[in-house]
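**Student:** Take this structure, written in structure tokens, and hold onto it; I'll ask about it next.
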Amino acid sequence: MESLKERFNQGQSFQEYLTAVKENKSLWESNYNQYDVSPDTKKILSGIKLKFYVLAIAEDWCGDAVRNLPVMAKLVEALPDSELRVIRRDLNLDLMERYAIDGKKKIPTVIFFDSNFKEMAVWIEKPGNAWQLQEKFKNEPDGKERYLEALKEEVTKEVLETLSTLTMGK
990 MESLKERFNQ
1000 GQSFQEYLTA
1010 VKENKSLWES
1020 NYNQYDVSPD
1030 TKKILSGIKL
1040 KFYVLAIAED
1050 WCGDAVRNLP
1060 VMAKLVEALP
1070 DSELRVIRRD
1080 LNLDLMERYA
1090 IDGKKKIPTV
1100 IFFDSNFKEM
1110 AVWIEKPGNA
1120 WQLQEKFKNE
1130 PDGKERYLEA
1140 LKEEVTKEVL
1150 ETLSTLTMGK
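Next up, the structure:
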């Protein structure tokens, strides 16, 4: 099996991935273009002095990927000296086995590595409280839109918490 560093190097930048997307292309583009990293979040990210390599495993047909990966891409772009690459799940099933949850291969799977490609953290599929958010907004007239906005905030919150944990004392 190829090393994770080799997989990362074979991956596409998010912009290359976005260009290559075939399914849900307009949704991928609008989710990316409509999400802005807040000034407060940019300030937090700019204070992180560690280099991260971030490998995302995804497919363009996946709803969780189309909703969450554009947010992840914007956050990594705001992280100094860090880089995101995307590889396709269907071409990396052996790697998906490694990150399967209860035998299920969930995407997006996002792996954070340090500058030596030591695995530091893994984020899988969607924020932990996504189901609660969906339940909270499901009966409201504008529930879907409010859910999608809350989802972006939760992805941001979880990434910041992950990075904060990884950089404590460094």
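Numbered according to my numbering, the sequence shown spans residues 990 to 1159. Using N, Cα and C, we set each Cβ at its ideal position, and we do this for glycine too.
Helix, strand or coil for leucine 1064, going by three-state DSSP, please let me know.
**Tutor:** DSSP places leucine 1064 within a helical segment (H, G or I) once states are collapsed to three.
**Student:** One question on the structure: do methionine 1061 and leucine 1073 come within less than 9 angstroms of each other, judged by their Cβ atoms?
**Tutor:** yes
**Student:** With respect to the alpha helix (DSSP H) encompassing valine 1148, which residues constitute its N-terminal and C-terminal limits?
**Tutor:** Unbroken alpha helix (DSSP H) run through valine 1148: 1132-1156.
**Student:** Please list, in chain order, all residues of the same chain as valine 1055 whose beta carbon is under 8 angstroms from its beta carbon, the five residues on each side excluded.
**Tutor:** A distance below 8 angstroms between beta-carbons, with the five flanking residues on each side excluded, links valine 1055 to the following residues of its chain, in chain order: Asn1013, Leu1016, Trp1017, Asn1020 and Asp1049.
**Student:** Are the segment 1001-1009 and the segment 1114-1130 touching, with three or more C-beta to C-beta distances below 8 angstroms?
**Tutor:** Verdict: no, contact absent.
**Student:** So, helix, strand or coil for phenylalanine 1003, using DSSP?
**Tutor:** Three-state DSSP puts phenylalanine 1003 in a helix.
**Student:** Using the C-alpha atoms, what's the distance from proline 1028 back to asparagine 1118?
**Tutor:** Taking C-alpha positions only, asparagine 1118 is separated from proline 1028 by approximately 24 angstroms.
**Student:** So for valine 1026, helix, strand or coil by DSSP?
**Tutor:** coil
**Student:** What's the gap between the Cα of leucine 1064 and the Cα of glutamate 995?
**Tutor:** 23 angstroms
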